[in-house]
Amino acid sequence: MNRVRNTKLILWLIAGFAAAVALNRFVFGLGVTTNLNDKTPWGLWIGFDVMAGVALAAGGFVITAIFYMLKREEFHPLVKPAVLTAFLGYLAVIFSLLVDLGLPWNIWHMIIYWNPHSPLFEVGWCVMLYTTVLLLEFSPTPLEEFSRYAKIRNFLMKFRFPFVLLGIMLSTLHQSSLGSLFLIMPFKLYPLWYTGILPIEFFISAVALGLMMVAFESLVSHWLYKRKPETNLIAKLCRVVVWVLATYFLVKIIDIISAGKFELIFNGSWQSNLFIAEVLISTVIPAVLFAFPRLSRNNKVQWTGSFMVIFGVVLNRIDVGGLAMLGATGDSYTPLWTEIAISLGIISIAALVFLFAIEHFHVWDLRPEDPESNPHNLPSFDYTSHTWLGTPSTSNITKHTLAFVISFALGMALMPGKHLHSKGIDNIKVKPATGIDTLYINGNRDNQFVKFTHQAHIEWLRTHKVPQFRSDVFQNISGATNDSCGICHHLNLPGEKLSNCWECHTSMYAQVDFFNHDWHTSNTGANLKCNDCHQPGINRTDQSAKKCTSCHPAYKFTVNKKVSAKTYYTLSYTNAMHNLCVSCHLIESKKLKNKPHLVECSTCHKTQLPENLITGLKWKIKVPHYNNVILPDVKNVSSTNK
Amino acid sequence: MSKGILTDITKCIGCLKCVSACKEAHNLEMDVPRIWQKNDGLSADNWTSIVRRPEDHYVRKQCRHCIEPACVSVCPVGALNKTKLGPVIYDSDKCLGCRYCMMACPYGIPRYDWSKAVPHVEKCILCYDRIVKGQQPACTEACPQHATIFGDRSELLRIAHKRIKENPGKYINKVWGEHEVGGTSVMYLSDIDLGFLSYPTKLGNQPMPEKTATAMESVPFAFVGMGGVMLGLNWIIRRRMELSKEQKKEKDSSDE
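Below, the structure written as C-alpha cells:
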C-alpha cells in the first residue's frame, strides 16, 4: 500500500499550498494572488478548473447513459466510480468558482436574480442542478453503510432511472453551454477556435473526454491499489471513443473549411501551431491508436491514448478559455504559481476524497484494503508482559497533517507581496528635469517636455518685484529674497535635484501631506521616537504634535501665524505647476512679448521635443530650432544631472 | 429620449478636465497621474481617459453605452442594466464578480478593483444620477472646448452629420457609434481612424447579444431532445431484449 500512502502524502502537500493561497486570496484580493488583469479577467482558474473540470466530470453522464439507457450491463463496475468522479469534479468546480469569483458570498444570487439571456446563467443553474442530481445518484453508495438510512436509500434507488435521465439532459446542456459562453467573443477568440457551433463541438469532445476519463481513472486507481486492470472493459470504451473522436474531427474540419479558415491552420503563427498540436493530441493520434483492435487491448496504449485525449481536450478548454485570446488582447498573461497551486490543490483534495470513498464505501465490488485499518501504531511498551515493543512508526494521519501544515507554512512564506495597486496602471519612473540653464521638465512623464529657461527666470526675479498676488507663496519662506532659490525651490528636501516637483506634489489633482511621517520615524531618516514630537498621555494626532518650526526654524511661515502640521500640505501637481508658472505669465504676458504665452494651454501641453532629445537623452546631436527658440548646445550637461 | 455623448476629436486639446471632473463626481480615488499608464489609462479609478495618438490627437475613451450591450446580456444576475435614458448602469449589490462582462465587452471597457478584497466592476455610468435630475454628465460640463457634448442621441447624430457636411474634408465621413454593434450612445466624430478603441478594428453592425441568442434559444430543444432521444433508445433496446427473451423462450419450449 506504499503507493497509496505516498500518493496521499503528495496530495496533502499540494493541498496545504492551496490552502495558504486561498487564505491570502480572500484576505488581500485577486490582484495580489493572481496575474489576472483588466485585459485578461479570466485566467487559469476558469480555463482549467471550471472549463476543464466540468469536461473531466463528463464521464458520469456518458457511462450512466451507456449503462442505464443503452442497457450495456457489462459496464457495471465502471458506473459507481464514474458517478463519484463526476460528483467530486462538480464539487471541485464549485470550489474553484468560489475562489475565482470576486464576491463569492453572492454566488446564490443566481437563484433569485435571473437573466435568462446569459449563457453563464444557464451554466450556473446546470452546475447547481446537476450537482444535486449527482449527489442523489451517488448517495445510495455511502448510505449502504448505515442500516438506519435504508428507507432513504430504497427511496433514492426507486427514482434512480429518472435521476439518471435528468443528469444526462442537464449534462448535455451544461457541456454545450460552456461553449456558448464564448460565442459573444468573436473579436477576442482566435478564428480557428471561434465558430458558431462551439457548443456542439464542446459537447462532442466532452463525450470523448468523459469516456477516456472513466478509462484513465480506472487505470490509475487500479495501479494505485495494485489490482488487475479492467483491460477488456477499457478496450470497449476505446473502440467507442474512436467513433466519437472521428465525429469531432470531421465536425471541426468541415466547419473550418466551410468558413474559409483553412489557410489559418498552416500560416505558422503560434496559434496555428497550438491548434495543430491540440488536434493531433486530442483527436488524431488517439483515434488512430485505438482504431487497431490489437493496440486498443494493450495496457500501455490505453494509458497513453486516454491520457492524450484528456490532455488534448483540457488543452482545448484552456485555449478557448483564454490562451487563444492573448493574441487579440495583446496581453502576456501567464498564471502565477499561486493560481497553479489552487488548481492542483483542488484536484488533490478531490482525489483524496475519491480515495477515501473507495476505501470506505462499496464503490468497487471488492473494497480495497484500508491502510489505516491495519494500525502500524503498536504500543511501544506492553504493560502486561513488561516488554519493549520497539519504536512505533508514525501514523499516516500524523504524516499527512504534518505535510499539510508544512506546505501551508511554506505557501504563506512564499506568497508574493507584490503589486497591491490596480493592475490597470503601470507606473512609469519619473526622470528628473534635465539641463542646467534650460530645464526640460518631463512633468507629464510622457516624454513631452516643457522647456524652462532657468537663468532667464532668475534674472527676471532679480530685477523685478515679485507680483503682489504671488506673495502668499513667495513670502511664506522667511528670509527669502527675490533672487533666492527658495522662491521657486521652496522647502526642498536635501538631495533633491533641481526641480523635482513631483517628489512633494505626488498627486496630480489632490493636496498631499508634505510632512513625511515615515521618514521622521525611520532609522535611516530622522530616527525620532513617538514622544520626541508627541506629548505623552495625549492622543497622538497632528494637532497634539510638536510644531514643525520648533525643529526647523527656517520653515517659519509669516502669513499663517498659527502653524500646525496641517499647514504642511502641498498643492496638487497641476495646481503647483499652474500657479507657479501660469499665474505670473498671465499677468506678464503683455510684457514678455517673445516668451511663451501661457494663456494658451497648448503652449505647454502640446509641445514636443525633437525625437533625438527624447530618446536616450545622450545629447550627442546639436538640437536645432525648437518653437522658434534656438536651444543651447547641451553637450556637457549629463554629468551634473546624475 | 435616449441620451448620449458626442465627442469631436478635432476639438479636443487633451486638457483632461473631463477626467478630473469624472473623478470628482464619482469620488474615485486618486491614482498616479494620468499618462503614467502604459495602456489606455482606464482603471478602476479612471472611468474615462485620454488616449494620445500621433499628431496631437486626443481621443477620450469611456464606456460606449451600446444600445444593445454585450455586458448586460451576459451578466448572469442582471447586475448591469441598460436604462431607458441611455446609460448602462451597474448594481454592485447584485454582482457576484464573475467578470463575464469584462470578457464580453467588444471595447474592453469594464475594469476591476483587483487590489481590493471586496472588488466591484468599475465603468462609466454616464453620470446616471445627474441625468435623472436633468443635469448633464460631469465630463461634458467640464469640457472647456465643447469637444464632448451631451444631448439626445438623435439630436447628436444630426449635429454630427451637419458638421461633416459643413466642413468637407475635415472629418472622416463616419460617425463612430452610429451603427457599430447596433449603435452606441457615446459617439465620436474624428479625422483619424478610431478602430483602436475596440478589439477588432472593424466591428460589424450586428448587436453582440445576437451572437449567443441562437444558442440560448435552442437550450430547451436540446434539453427535451436529449431526454427524448435517450428515452427512445432505452425503449427500443428494452423492447429488443424482451423480444429476444420471448424468442428464446419460444425456442426453448419448441425444443421441448
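Chains as they are written, first to last, in the working numbering: chain A, 22 to 663; chain B, 1132 to 1387.
Beta carbons: idealized from backbone N, C-alpha and C, even for Gly.
Between residue i and residue j, which are expected to be in contact by the criterion C-beta below 8 Å, what is the C-beta distance as a whole number of angstroms?
| i | j | result |
| --- | --- | --- |
| Leu-365 (chain A) | Ala-39 (chain A) | 7 Å |
| Cys-1226 (chain B) | Leu-124 (chain A) | 6 Å |
| Gly-68 (chain A) | Val-104 (chain A) | Between Val-104 (chain A) and Gly-68 (chain A) the Cβ distance is about 26 Å, and since that is not below 8 Å, they are no contact. |
| Ala-1201 (chain B) | Pro-1237 (chain B) | 6 Å |
| Tyr-1189 (chain B) | Ile-1181 (chain B) | 5 Å |
| Glu-299 (chain A) | Asn-337 (chain A) | 6 Å |
| Gly-432 (chain A) | Ala-113 (chain A) | The Cβ separation is near 19 Å, so there is no contact. |
| Glu-1253 (chain B) | Asp-1244 (chain B) | 6 Å |
When DSSP labels each residue in this structure, what does residue i get in the three-state scheme?
| i | result |
| --- | --- |
| Asp-553 (chain A) | helix |
| Thr-1141 (chain B) | coil |
| Ser-1151 (chain B) | helix |
| Lys-1213 (chain B) | strand |
| Gly-1135 (chain B) | strand |
| Cys-1146 (chain B) | coil |
| Tyr-170 (chain A) | helix |
| Ile-1220 (chain B) | strand |
| Ser-290 (chain A) | coil |
| Trp-358 (chain A) | helix |
| Ser-499 (chain A) | In this predicted model, Ser-499 (chain A) has a pLDDT of only 38, less than 50, meaning its place in the structure is not dependable enough to derive any value. |
| Arg-1242 (chain B) | strand |
| Ala-430 (chain A) | helix |
| Phe-382 (chain A) | coil |
| Ala-566 (chain A) | strand |
Does any C-beta atom of chain B lie closer than 8 Å to the C-beta of residue i?
| i | result |
| --- | --- |
| His-195 (chain A) | no |
| Met-72 (chain A) | no |
| Gly-81 (chain A) | no |
| Asp-59 (chain A) | yes |
| Ile-361 (chain A) | no |
| Phe-69 (chain A) | no |
| Leu-630 (chain A) | With a pLDDT of 42 at Leu-630 (chain A), under the threshold of 50, the predicted position of this residue should be treated as unreliable, though the coordinate-derived value follows. Judged by the 8 Å Cβ criterion, Leu-630 (chain A) is not in contact with chain B. |
| Ala-349 (chain A) | yes |
| Asn-319 (chain A) | no |
| Leu-206 (chain A) | Note on residue identity: the sequence assigns Met, not Leu, to residue 206 (chain A). Answer yes: the Cβ-Cβ gap between Met-206 (chain A) and chain B drops below 8 Å somewhere. |
| Val-48 (chain A) | yes |
| Ile-368 (chain A) | no |
| Ser-139 (chain A) | yes |
| Lys-92 (chain A) | yes |
Taking the alpha helix (DSSP H) that residue i belongs to, which residues open and close that run?
| i | result |
| --- | --- |
| Phe-182 (chain A) | 181 to 201 |
| Asp-1283 (chain B) | Looking at the DSSP string, Asp-1283 (chain B) is not in any alpha helix (DSSP H); the run it does join, the beta strand (DSSP E), is 1279 to 1283. |
| Val-1263 (chain B) | 1259 to 1263 |
| Tyr-1189 (chain B) | No alpha helix (DSSP H) holds Tyr-1189 (chain B); the beta strand (DSSP E) holding it covers 1188 to 1192. |
| Met-233 (chain A) | 219 to 245 |
| Asn-320 (chain A) | 320 to 341 |
| Pro-161 (chain A) | 161 to 164 |
| Ala-103 (chain A) | 97 to 121 |
Go through its chain and collect everything with a Cβ distance to residue i's Cβ below 8 Å, but skip five positions before and after it.
| i | result |
| --- | --- |
| Arg-260 (chain A) | Phe-311, Pro-314, Ser-317 |
| Tyr-354 (chain A) | Asn-56, Leu-57, Asn-58, Lys-60, Thr-61, Gly-64, Gly-343, Leu-347 |
Answer with yes or no whether the minimum CB distance from residue i to chain A is below 8 Å.
| i | result |
| --- | --- |
| Arg-1242 (chain B) | yes |
| Pro-1237 (chain B) | yes |
| Leu-1445 (chain B) | Outside the shown range of chain B, which is 1132 to 1387, sits residue 1445 (chain B), and nothing can be said about it. |
| Ile-1220 (chain B) | no |
| Pro-1185 (chain B) | no |
| Arg-1230 (chain B) | yes |
| Phe-1354 (chain B) | yes |
| Pro-1331 (chain B) | yes |
| Trp-1245 (chain B) | yes |
| Ala-1152 (chain B) | no |
| Ile-1136 (chain B) | no |
| Cys-1194 (chain B) | no |
Could you tell me the boundaries of the beta strand (DSSP E) in which residue i lies?
| i | result |
| --- | --- |
| Arg-1183 (chain B) | 1180 to 1184 |
| Leu-1320 (chain B) | 1317 to 1320 |
Less than 6 Å between C-beta atoms, sequence neighbours within five positions excluded: which residues of the same chain meet that for residue i?
| i | result |
| --- | --- |
| Pro-220 (chain A) | Ser-197, Gly-200, Ser-201 |
| Ser-226 (chain A) | Tyr-269, Val-334 |
| Phe-184 (chain A) | Val-154, Leu-157, Glu-158 |
| Asn-136 (chain A) | Phe-142 |
What residues in its chain sit with their C-beta under 7 Å from that of residue i, if we drop five residues either side in the sequence?
| i | result |
| --- | --- |
| Thr-1345 (chain B) | none |
| Ala-1278 (chain B) | Thr-1138, Asp-1139, Lys-1142, Cys-1143 |
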